[in-house]
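Have a look at the structure below before the remarks.
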Amino acid sequence: MPGAAKSALGALAALLLAPSPAVGEYFPNLLLNGACDAAGFLNGLRFEMKGRTYTGAPYYKATTRNEYIYWDPDCGGGGDGQQRWIIDDSEPDTTKLRDLDGDGQCNYYARFDSTDKSKPPAEAFWKMNCGGAKAESRLIVLADITTTLTTTTMTTTSTTASTTTISSTSTSSSTTKTSTSTTSSSKTSTTTTVTSTTQTFTGTSSTVSSTTSTTSYTGTSTTRTTSTTTTTLMMLRLTGVCPYKDFLEGLTFVEEGYTASGARYFKADEAEQYMYYDYDCNGGGNGKKRWIIDENSPDPSQTEDLDQDGACNYHARHNSDDTYGPPAAGVWQIWCGVEWVDAILHLDLVSNYTFDDGMDESNALKLRSYFKTCKQKEYMNNLQFEYQGVTKNGSPYYKSVTSDEYIYYDPHCSGDVSGSARWVLDSDAPSLTALADLDGDGN
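Terminal number for the sequence shown in numbering that gives the first Met the number 0: 442, no gaps in between.
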């Protein structure tokens, strides 16, 4: 066999024998952000794992569009390509080893060169087609959307025996509660077993809880499963408006979703006021891109004239090419009764995440969470936490107003990449330069 052919065969064998993710490994849904304006429609898309390609790598599809993320060892199919993750509008062929979209070339929205086929990076610089002659380097974030799965199993059994024996075995990494009640008589014995299992998938593996009952019976079994999802949520408090628009002062704008441009849009939680991004506010074809504060709700299916009034009527505007969000502090033109006035408006981040795990959601979002703790931690009762800023991974962190206690998000609290992502309540301040093990203790 010629040396070149042997070398190619060896490389192919090494690729096919490369370790794949462990069976049972959990693959989260991914929320994409960071795309440039030309590919802004990708921002806010949620990608679900659909299966595996021929190489064993997972591939993902957007829930609302035909957009895909997959790993391709050679996108051109020539045998000498670079292994990479790809964001593309073509579905990958799961029967092919290379050039998975079958176009014979490397056409896609974005790429991230990597030999790691286990999953795309959570945060990395991708090369993205942004309309220019060369691909731009963009920091793409693929956030893990935590899913909580709650399963309730109810089994009702009947038997003519005077006694019933129940043996239960429970194995779980999560909390499992089992209650059994038995009523016996000379003719009928009824046994009801209720098993409640809660599992939060934030890591790379999970153990399923099970209950086994041994008896002689005839009955029915019903399983009910529900799933809830916690996602990123931005809340902005507006200040700095002129007296004519004082009804806007202090309003908190809560993220409602994404428009067709990929930009977030917001609604005030106390009033029918909105903030959104519009390519062309009157739809005439020659308008400027801008953030708008308006009393009319935007149509999220549109990219221009989102309030569908055919005119540029609103409270305030800020011209910008940045679809990620309105400026934290910037010069807006606001209508103050007689004329448009330049004013510096502030949009302070109230919170960037929702919370669960026993916190009251409405209070947690406004960072007025009060904790009921065990005796050893009773000093934390009634602590109030204030927003301090964001860490390196883009998550907000908070500090108690009365003591050195902190709340922050840590992708891997021990620094080990196999660790679970989690929110942490800690007496150590988080590092603003580290991506993991933010308190630097290695634990």
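In this text, a Cβ means the ideal position worked out from N, Cα and C, and glycines have one as well.
Checklist entry - For Gly80, which option in Asp112, Ser394 and Pro297 has the closest C-alpha, if you only look at C-alpha atoms? => result Start at 1 with the first residue of the sequence shown, and residue 80 comes out as number 81. Of the listed residues, the one whose Cα sits closest to Gly80 is Asp112.
Item to check | Residue closest to Asn312, alpha-carbon to alpha-carbon, out of Ile343, Glu303 and Cys280 | outcome: Translated into positions along the sequence shown, residue 312 becomes position 313. Closest option to Asn312, Cα to Cα, is Cys280.
Next on the checklist: Let's test the definition: count the other Cβ atoms within 10 Å of the Cβ of Gly261 and tell me whether it reaches 16, buried, or not, exposed.
Outcome noted: Taking the first residue of the sequence shown as position 1, residue 261 is located at position 262. For Gly261, the number of other beta carbons within 10 angstroms of its own is at least 16, and it is reported as buried.
Item to check | Span separating the alpha-carbon of Ile165 from that of Ser413 | outcome: Position 166 of the sequence shown holds residue 165. Position 414 of the sequence shown holds residue 413. Note on Ile165: pLDDT 33, under 50, position unreliable in the model; no value is reported.
Checklist entry - How far does the beta strand (DSSP E) with Ala34 in it reach, from first residue to last? => result Numbered from its first residue, the sequence shown carries residue 34 at position 35. First-last for Ala34: undefined, no H or E at that position.
Checklist entry - Do Arg97 and Asp73 come within 9 Å of each other at the CB atom, strictly closer than that value? => result Indexing the sequence shown from 1 puts residue 73 at position 74. Indexing the sequence shown from 1 puts residue 97 at position 98. Against a cut-off of 9 Å, the Cβ pair of Arg97 and Asp73 comes out as a contact.
Item to check | Entirely enclosed beta strand (DSSP E) segments - the region 277 to 342, minimum 3 residues | outcome: Runs of beta strand (DSSP E) with 3 or more residues, each lying fully within the region 277 to 342, are found at 289 to 293, 315 to 318 and 328 to 334, listed in chain order.
Item to check | Endpoints, the beta strand (DSSP E) within which Ala121 is located | outcome: Locating residue 121 in the sequence shown gives position 122, where the first residue counts as 1. Note, Ala121: premise wrong, no beta strand (DSSP E); not H, not E.
Checklist entry - Any contact of the region 327 to 344 with the region 296 to 303, i.e. 3+ C-beta pairs under 8 Å? => result no
Checklist entry - DSSP three-state call for Asp245: helix, strand or coil? => result Along the sequence shown, read from residue 1 onward, the residue named residue 245 stands at position 246. Three-state DSSP puts Asp245 in a helix.
Checklist entry - Counting only beta-carbon atoms, is Glu90 nearer than 9 Å to chain D? => result No chain D appears in this structure, which consists of one protein chain only.
Checklist entry - Near Ala435, which residues of its chain fall below 7 Å by C-beta distance, leaving aside the five closest residues on each side in sequence? => result Residue 435 sits at position 436 when you count from the first residue of the sequence shown. Taken in chain order, the residues that qualify are Asp409, Pro410, His411 and Gly414.
Checklist entry - Is the region 98 to 107 touching the region 132 to 143, taking contact as three or more C-beta pairs under 8 Å? => result no
Next on the checklist: Assuming contact is defined by CB atoms lying nearer than 9 Å, are Asp347 and Arg263 in contact in what I supplied?
Outcome noted: Here the question's residue 347 lines up with position 348 in the sequence shown. Here the question's residue 263 lines up with position 264 in the sequence shown. Not closer than 9 Å, so no.
Checklist entry - Helix, strand or coil: how does DSSP classify Gln375 here? => result Looking up residue 375 in the sequence shown gives position 376. Helix.
Checklist entry - With distances taken from CA atoms, which of Thr114, Gly336 and Leu99 is nearest Tyr67? => result Here residue 67 is taken as the residue at index 68 of the sequence shown, counted from 1. Tyr67 has its Cα closest to that of Leu99, out of Thr114, Gly336 and Leu99.
Item to check | Nearest residue (CA-CA) to Asn42, options Ala259, Asn380 and Arg83 | outcome: Here residue 42 refers to the residue found at position 43 of the sequence shown. Taking only the C-alpha atoms, the option nearest Asn42 is Ala259.
Checklist entry - Nearest to Asn65 by CA position, among Val253, Pro57, Arg83 and Phe40, is which residue? => result Here residue 65 refers to the residue found at position 66 of the sequence shown. Cα-wise, what sits closest to Asn65 is Phe40.
Checklist entry - Going by Cα to Cα distance, which pick from Tyr243, Ile406 and Asp268 is closest to Trp494? => result Since the first residue of the chain shown is 0 and the last is 442, residue 494 is not available in this structure.
Next on the checklist: Measuring alpha carbon to alpha carbon, tell me which residue in Arg421, Lys116 and Glu271 is nearest Tyr59.
Outcome noted: Within the sequence shown, residue 59 is the residue found at index 60, counting from 1. Closest by alpha carbon: Lys116.
Item to check | Candidates Asn285, Pro119, Asp88 and Gly249: closest to Leu344 by CA position | outcome: To locate residue 344, count along the sequence shown from 1; it is residue 345. The residue with the shortest Cα to Cα distance from Leu344 is Gly249.
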